[in-house]
Amino acid sequence: MKLLKLVPDNTNIGFVAMRKWAFALTALLTVLAVGATLHKGLNMGVDFVGGLMIEAKFPQTVETDRVRTTIARLNVGESSLQQFGDPKTVQIRLPLPEQGGAGASNAVVEKTRKAMEAEFPGVTFSRYDTVSGKVSGELVQTGVLAVMLAVIGIAIFSWFRYEWQFGISTFVAIMHDVLMTLGFFAVTQLEFDLNIVAAVLTIVGYSINDKMVIDDRIRENMRKYRKMDKKALIDLSVNETLPRTVMTSMTILLALGALLLFGGHVLRGFTAAMMLGVVVGTYSSIYVSSSLLISLGLTPAAAEKKAAKKSFVGDAERVGPRDDGAKP
Amino acid sequence: MLNFSRWAVFAILLPLAIGALCAIPTFLPESTVAQLPRFMQTRVNLGLDLAGGSHLLLEASTQDVAKQRLTNMEEQVRTELRRGDPKIAIGDISSRDGKLSFMVRDPSQVDAAVERIRPLTQGAGLTGQRDFNVEVVNSSSIVITPTDAGIGNAVKSAMEVATEVIRKRIDEMGTREPTIQQQGSNRIVVQVPGLQDPKALKDLLGQTAKLEFKLVDTTANPAEVAQGRAPVGSEVLPYPGNPSGSPVIAVKRQVMVSGEDLTDATQGYDQNNQAIVNIRFNGSGGRKFGQVTSQNVNRPFAIILDGKVLSAPNINEPILGGSAQVSGNFTVESANQLAIALRSGKLPVALTVVEERTVGPGLGADSIRAGLIASIIAVVAVAVFMFVSYGRFGIYANIAVTINVLVILGVMGILGATLTLPGIAGFVLTIGTAVDANVLIYERIREERRRGRNIVASIEHGYKEASRTIFEANVTHAIAGGIMLALGSGPVKGFAIVLLIGIATSVFTAVTFTRLLVARWVRTHRPTEINI
Numbered sequence: 544m545k546l547l548k549l550v551p552d553n554t555n556i557g558f559v560a561m562r563k564w565a566f567a568l569t570a571l572l573t574v575l576a577v578g579a580t581l582h583k584g585l586n587m588g589v590d591f592v593g594g595l596m597i598e599a600k601f602p603q604t605v606e607t608d609r610v611r612t613t614i615a616r617l618n619v620g621e622s623s624l625q626q627f628g629d630p631k632t633v634q635i636r637l638p639l640p641e642q643g644g645a646g647a648s649n650a651v652v653e654k655t656r657k658a659m660e661a662e663f664p665g666v667t668f669s670r671y672d673t674v675s676g677k678v679s680g681e682l683v684q685t686g687v688l689a690v691m692l693a694v695i696g697i698a699i700f701s702w703f704r705y706e707w708q709f710g711i712s713t714f715v716a717i718m719h720d721v722l723m724t725l726g727f728f729a730v731t732q733l734e735f736d737l738n739i740v741a742a743v744l745t746i747v748g749y750s751i752n753d754k755m756v757i758d759d760r761i762r763e764n765m766r767k768y769r770k771m772d773k774k775a776l777i778d779l780s781v782n783e784t785l786p787r788t789v790m791t792s793m794t795i796l797l798a799l800g801a802l803l804l805f806g807g808h809v810l811r812g813f814t815a816a817m818m819l820g821v822v823v824g825t826y827s828s829i830y831v832s833s834s835l836l837i838s839l840g841l842t843p844a845a846a847e848k849k850a851a852k853k854s855f856v857g858d859a860e861r862v863g864p865r866d867d868g869a870k871p
Numbered sequence: 026m027l028n029f030s031r032w033a034v035f036a037i038l039l040p041l042a043i044g045a046l047c048a049i050p051t052f053l054p055e056s057t058v059a060q061l062p063r064f065m066q067t068r069v070n071l072g073l074d075l076a077g078g079s080h081l082l083l084e085a086s087t088q089d090v091a092k093q094r095l096t097n098m099e100e101q102v103r104t105e106l107r108r109g110d111p112k113i114a115i116g117d118i119s120s121r122d123g124k125l126s127f128m129v130r131d132p133s134q135v136d137a138a139v140e141r142i143r144p145l146t147q148g149a150g151l152t153g154q155r156d157f158n159v160e161v162v163n164s165s166s167i168v169i170t171p172t173d174a175g176i177g178n179a180v181k182s183a184m185e186v187a188t189e190v191i192r193k194r195i196d197e198m199g200t201r202e203p204t205i206q207q208q209g210s211n212r213i214v215v216q217v218p219g220l221q222d223p224k225a226l227k228d229l230l231g232q233t234a235k236l237e238f239k240l241v242d243t244t245a246n247p248a249e250v251a252q253g254r255a256p257v258g259s260e261v262l263p264y265p266g267n268p269s270g271s272p273v274i275a276v277k278r279q280v281m282v283s284g285e286d287l288t289d290a291t292q293g294y295d296q297n298n299q300a301i302v303n304i305r306f307n308g309s310g311g312r313k314f315g316q317v318t319s320q321n322v323n324r325p326f327a328i329i330l331d332g333k334v335l336s337a338p339n340i341n342e343p344i345l346g347g348s349a350q351v352s353g354n355f356t357v358e359s360a361n362q363l364a365i366a367l368r369s370g371k372l373p374v375a376l377t378v379v380e381e382r383t384v385g386p387g388l389g390a391d392s393i394r395a396g397l398i399a400s401i402i403a404v405v406a407v408a409v410f411m412f413v414s415y416g417r418f419g420i421y422a423n424i425a426v427t428i429n430v431l432v433i434l435g436v437m438g439i440l441g442a443t444l445t446l447p448g449i450a451g452f453v454l455t456i457g458t459a460v461d462a463n464v465l466i467y468e469r470i471r472e473e474r475r476r477g478r479n480i481v482a483s484i485e486h487g488y489k490e491a492s493r494t495i496f497e498a499n500v501t502h503a504i505a506g507g508i509m510l511a512l513g514s515g516p517v518k519g520f521a522i523v524l525l526i527g528i529a530t531s532v533f534t535a536v537t538f539t540r541l542l543v544a545r546w547v548r549t550h551r552p553t554e555i556n557i
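From first to last, the protein sequence lines stand for chains A and B. Per this note's numbering, the very first residue in the first sequence carries number 544; after that it's consecutive. Per this note's numbering, the very first residue in the second sequence carries number 26; after that it's consecutive.
What follows is the structure, given as structure tokens:
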């Protein structure tokens, strides 16, 4: 059987030579993403702004305008509607009543339910969330904290494990991934809720996974080819790991694609964020973090010193006589 | 390296077998699982977003607790100084800014007053910290300030009682497997799976259920009462159902009988077939009630719930049997709810719902089905892709992934972890990333082959070199997962649990288990060429 090879053997793409262009493109995209986030803002879910979210499932397709007027008559505050997943499901967002606590938000839900049932027979409320302003504030805080801690924690790990240049390049690349994701949500206006924070953290985790594999190869090659030009060395490392990068991205995109198409509407935003993250993370591993190492002046000597200290045993085995032995 | 000792094989296969076995109960119907021995009942719990149900986050106001304590303190001080022996006259008693202050009429008695109050301010704990500080200002005024430690203790014990009361109330509703947990210093998380009517639950939990019987002050001037003023010894309370039309009523401050003297409460009907709550007092409560009603025949008394008057019926005859009826425009449901609330005791502090997430059972079932379909398609797609890319080795990777999925479910079952919707996403993602380790290894083997190494050396090198990379990459991945677990709530946590378990098991299955499979094949077949 002939096996599938997505990346032909001995591929040699000059990634580093392209890095000026890549940097320009990255910078442009990042500015656009940040600009979109600041300008359009994120469509924050009730998790982060507080309020009441009702998901109504209708027996047949409905016009959101009719739903809107039904709710407007109730005098429960300004509603915002969104078709969600399929045309039969509508997400209704309402502000939380300022006073009266649990009873008051109960009353709003009941009022809405009764009015909707009268207007659209057969409608069901499949889900509703109410989050008070205080709790939503806390959720924003922990969400931001979680992402920041993850990024910093990972950067520190790669700094200690490798060299400071790796720490910085990794940090920059991950921030790039996070900003891109935010930009994506600002442009698409998909709802940004707690689940998306989990998605962003996963992107961070995946992206770093990718970068570690390439960084590891760079370090290995630095030991192997001490005299090699840094640019050539990074190109070599990225090309050597390219088959793996492409393969793994493919398997993950396959899995996420299944989730996007068949996983139900609740997870759609979540899955879309992760798919984007995989693409962006792969891009940033190749063009941002690896290329950045050159600009940061990575020297083989530094790598050598640290490597000698850390994987002495590995080195000894590498040069041992095992290379050609066909021991079963 | 391709040699595995008998022990090593055993050590690799045993945990995988146990993990996979523990996953089986999850796929069996509940009734079958109940018949299995205890250690086999390792099912993965479904989160509320999958099972349907309500998640409520209730918050108690710490300020309320502090205020209540100060009110109690005021009462205690009054009793101790005015009614104790010798009597110490005090005046200008007031609680403001969270402090209680009063004046001792006779300045020579100030020291004695402080001595008498001291025991009241002692904390209950063994730490020796005081609950209140007592200070003398201007030589005749005494200021009592609650200490932070005292407030902390009070909140702590109030929350413990509140959690217990909530547990009783939810149990009375007959829902199965509720989770009631204290979170932080002043919050309680309530999770009730499969609940049809979360409104009833919220109404029930929102009731403090402080029941009091007080005499109506018939001497009060209605015009003054309407303006919120009451005669000395009385107070004005809201009375939404007042037949006279006025939304307020004046009642005597003194409590005839309170909810603490209850032994039972049930929903019933009065002679007009109106829903009411029948209550039964304990011995002393019954005696007190009998005594007061005998002395006040033909006068009205007020039934007060959580500071609101429910009704103010006339006392037609002395109520001596130790039982009474609470009436007040109830529906059968609301009467039943009040009965439950009264039976389970009053909440020591009012709770407000600050977060609610309710998922209908229909949506939950849809989500499970969608998640299951997506997972199966993901597994099949990845498996086919791995097979066409790596042939025999791809099959090994697929076996590893399949076992990995079972082991994750098994580990979740053992840990009693909950599978949520994002957890399913975590699962699908894990399937995608689980093959990453194998991809790294196999690509490495391909490389080594291209460099001209022989088969066995290539495989050995592939596994050895890739293992280090796999480790590094997964440690960082685990950092992200750990942070999600530590900081996340609800969905984020559910995702993190699956992710972390998946990282641990996938490294083991992808690196160690496939090596075992590959080694067996190489040893038995001694291939002269490998198709990878």
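For each residue, glycine too, the CB sits at the ideal point set by N, CA and C. Keep in mind that this is a model prediction, so the values were computed, not measured.
task: Return the chain-ordered ranges of every alpha helix (DSSP H) run that is complete within the region 463 to 523 of chain B and spans a minimum of 4 residues.
output: 480 to 512
- request: Taking the CB atoms as reference points, tell me whether B/V432 and B/T537 lie closer together than 7 Å.
  value: For this step, residue 432 of chain B is matched to residue 407 along the second sequence. For this step, residue 537 of chain B is matched to residue 512 along the second sequence. No, Cβ-Cβ distance for B/V432 and B/T537 is not below 7 Å.
- request: Pull up the DSSP beta-bridge partners for A/G594, would you.
  value: The count along the first sequence starts at 1 and reaches residue 594 of chain A at position 51. A/V674.
- prompt: So, do the region 715 to 733 of chain A and the region 518 to 529 of chain B have three or more beta carbon pairs nearer to each other than 8 Å?
  reply: no
message: Using a Cβ-Cβ cutoff of 7 Å, what residues of the region 359 to 387 of chain B are near chain A? List them in chain order.
response: T377, V378, V379, E380, E381, R382, T383, V384, G385, G387
field: Beta-carbon gap between B/V135 and B/V161 smaller than 7 Å
entry: If you number the second sequence from 1, residue 135 of chain B lands on position 110. If you number the second sequence from 1, residue 161 of chain B lands on position 136. It is a contact, given that the beta carbons lie within the stated cut-off.
query: Nearest chain A C-beta to B/T501 closer than 7 Å, yes or no?
result: Residue mapping note: residue 501 of chain B aligns to position 476 of the second sequence, counting from 1. Judged by the 7 Å Cβ criterion, B/T501 is in contact with chain A.
task: Closer than 7 Å by beta-carbon distance: list the chain A residues that pair up with B/M509, in chain order.
output: In the second sequence, the residue the question calls residue 509 of chain B occupies position 484. Residues of chain A passing the Cβ test: A689, A741, L744.
message: Here's the rule I'm using: 16 or more other beta-carbon atoms within 10 Å means buried, otherwise exposed. How should B/F452 be labelled?
response: What you label residue 452 of chain B is simply residue 427 of the second sequence in a count that begins at 1. Buried is the call here.
- request: Go ahead and label B/D286 buried or exposed: buried means 16 or more other beta carbons lie within 10 angstroms of its beta carbon, across all protein chains shown.
  value: Locating residue 286 of chain B in the second sequence gives position 261, where the first residue counts as 1. Counting Cβ neighbours within 10 Å, B/D286 comes out buried, since at least 16 surround it.
task: Closer than 8 Å by beta-carbon distance: list the chain B residues that pair up with A/R704, in chain order.
output: The residue you call residue 704 of chain A lines up with position 161 of the first sequence. Near A/R704 (Cβ distances below 8 Å), the residues of chain B are E497.
message: I want to verify the contact list: residues of chain A whose CB lies under 7 Å from the CB of B/R254, in sequence order.
response: Working through the second sequence from its first residue, we reach residue 254 of chain B at position 229. What B/R254 touches in chain A: nothing, since even the nearest Cβ is about 25 Å away.
task: Flag this pair as yes or no: are the beta carbons of B/V276 and B/V241 separated by less than 7 Å?
output: One-based indexing of the second sequence puts residue 276 of chain B at position 251. One-based indexing of the second sequence puts residue 241 of chain B at position 216. A contact, by the Cβ cut-off of 7 Å.
query: Can you check whether the CB of B/L75 is closer than 7 Å to the CB of B/E380?
result: Position 355 of the second sequence, counted from the start, is the residue given in the question as residue 380 of chain B. Position 50 of the second sequence, counted from the start, is the residue given in the question as residue 75 of chain B. No, the pair does not count as a contact, with Cβ atoms beyond the cut-off.
Residues that B/V215 contacts on chain A, provided the C-beta gap is smaller than 9 Å: As a first step, residue 215 of chain B must be located in the second sequence, where it is residue number 190. The premise fails here: B/V215 is roughly 12 Å from chain A at the closest Cβ pair, so nothing lies under 9 Å.
Below-7 Å beta-carbon distance, B/L512 vs any chain A residue: Against the second sequence, residue 512 of chain B aligns to sequence position 487. Yes - at least one Cβ of chain A is within 7 Å of the one on B/L512.
message: For A/S648 and B/V405, what's the separation of their Cα atoms in angstroms?
response: Locating residue 648 of chain A in the first sequence gives position 105, counting from the first residue. Locating residue 405 of chain B in the second sequence gives position 380, counting from the first residue. So the two alpha carbons sit approximately 45 Å from each other.
message: Just to check my reading of the structure: A/G593 and A/S669 have Cβ atoms closer than 8 Å, yes? What is that Cβ distance to the nearest angstrom?
response: Within the first sequence, residue 593 of chain A is the residue found at index 50, counting from 1. Within the first sequence, residue 669 of chain A is the residue found at index 126, counting from 1. Rounded, the Cβ-Cβ distance is 21 Å, inconsistent with contact.
field: Stretch pair the region 363 to 376 of chain B + the region 770 to 781 of chain A: three plus CB contacts closer than 8 Å
entry: no
- prompt: First and last residue of the beta strand (DSSP E) that includes B/A114?
  reply: What you label residue 114 of chain B is simply residue 89 of the second sequence in a count that begins at 1. That residue, B/A114, is in no beta strand (DSSP E); it is neither H nor E in DSSP.
task: Any chance you could list the alpha helix (DSSP H) runs of at least 4 consecutive residues sitting entirely within the region 273 to 350 of chain B, in chain order?
output: 308 to 320
task: Please confirm if A/S712 has its CB atom under 7 Å from at least one CB of chain B.
output: Taking the first sequence and counting its residues from 1, the one referred to as residue 712 of chain A is at position 169. By this cut-off, A/S712 is not an interface position.
field: Chain-order list of residues whose beta-carbon lies under 7 Å from that of B/S369 (same chain, five-residue window excluded)
entry: Taking the first residue of the second sequence as position 1, residue 369 of chain B is located at position 344. Closer than 7 Å at the Cβ level, and outside the excluded window around B/S369, lie V190, K193, R194, E197.
- prompt: Between A/A869 and the rest of its own chain, which residues show a CB-CB distance below 8 Å, the 5 nearest in sequence each way excluded?
  reply: Translated into positions along the first sequence, residue 869 of chain A becomes position 326. In this prediction, A/A869 has a pLDDT of 40, which is less than 50 and means its spatial position is unreliable; what the coordinates show is noted afterwards. Excluding residues within five positions, none has a Cβ falling inside 8 Å.
- request: Could you tell me if A/L682 is buried or exposed, where buried requires 16 or more neighbouring beta carbons within 10 angstroms of its beta carbon?
  value: As a first step, residue 682 of chain A is located in the first sequence; it is residue number 139 there, counting from the start. Buried is the call here.
- prompt: Using a Cβ-Cβ distance under 7 Å, would A/L546 count as near chain B?
  reply: As a position in the first sequence, residue 546 of chain A is number 3, starting the count at 1. Yes, A/L546 lies at the interface with chain B (some Cβ there is under 7 Å from its Cβ).
Exposed unless 16 or more other CB atoms sit within 10 angstroms - verdict on A/D608: In the first sequence, counting from the first residue as 1, residue 608 of chain A sits at position 65. By the neighbour-count rule (16 or more Cβ atoms within 10 Å), A/D608 is not buried but exposed.
message: With distance defined between alpha-carbon atoms, name the residue in A/V822, A/F735, A/P638 nearest to A/N586.
response: Your numbering for residue 586 of chain A matches position 43 in the first sequence. The candidate whose alpha carbon is nearest that of A/N586 is A/F735.
query: Among residues of its own chain, excluding the 5 on either side of A/F855, which ones have a beta-carbon nearer than 6 Å to its beta-carbon?
result: Working through the first sequence from its first residue, we reach residue 855 of chain A at position 312. Its pLDDT being 43, under 50, A/F855 is placed unreliably by the model, and nothing is read from it.
- request: Quick one: which residues of the region 442 to 458 of chain B get their C-beta closer than 7 Å to a C-beta of chain A? List them in chain order.
  value: L446, P447, A450, V453, L454, I456, G457, T458
query: Just curious, the alpha helix (DSSP H) that A/D736 is in, first and last residue?
result: One-based indexing of the first sequence puts residue 736 of chain A at position 193. No alpha helix (DSSP H) holds A/D736; DSSP gives it neither H nor E.
- prompt: In terms of residue numbering, what span does the alpha helix (DSSP H) encompassing A/A565 cover?
  reply: Position 22 of the first sequence, counted from the start, is the residue given in the question as residue 565 of chain A. Per DSSP, A/A565 belongs to the alpha helix (DSSP H) from 562 to 583.
- request: Would you please verify whether the beta carbon of A/V809 is less than 7 Å from any beta carbon of chain B?
  value: Looking up residue 809 of chain A in the first sequence gives position 266. Cβ-Cβ to chain B under 7 Å: yes for A/V809.
Proximal residues to B/E342 (C-beta, below 6 Å), its chain only, five neighbours per side dropped: Your numbering for residue 342 of chain B matches position 317 in the second sequence. No residues qualify anywhere along the chain.
query: Is there at least one non-hydrogen atom of the ligand GDP closer than 6 Å to the beta-carbon of A/S792?
result: The model on display carries no ligand, and the ligand GDP is accordingly not part of it.
query: Who are the near neighbours of A/N782 in its chain, counting only those whose CB is closer than 8 Å to its CB and skipping five residues on each side?
result: The residue you call residue 782 of chain A lines up with position 239 of the first sequence. T554, N555, I556, F558, listed in sequence order.
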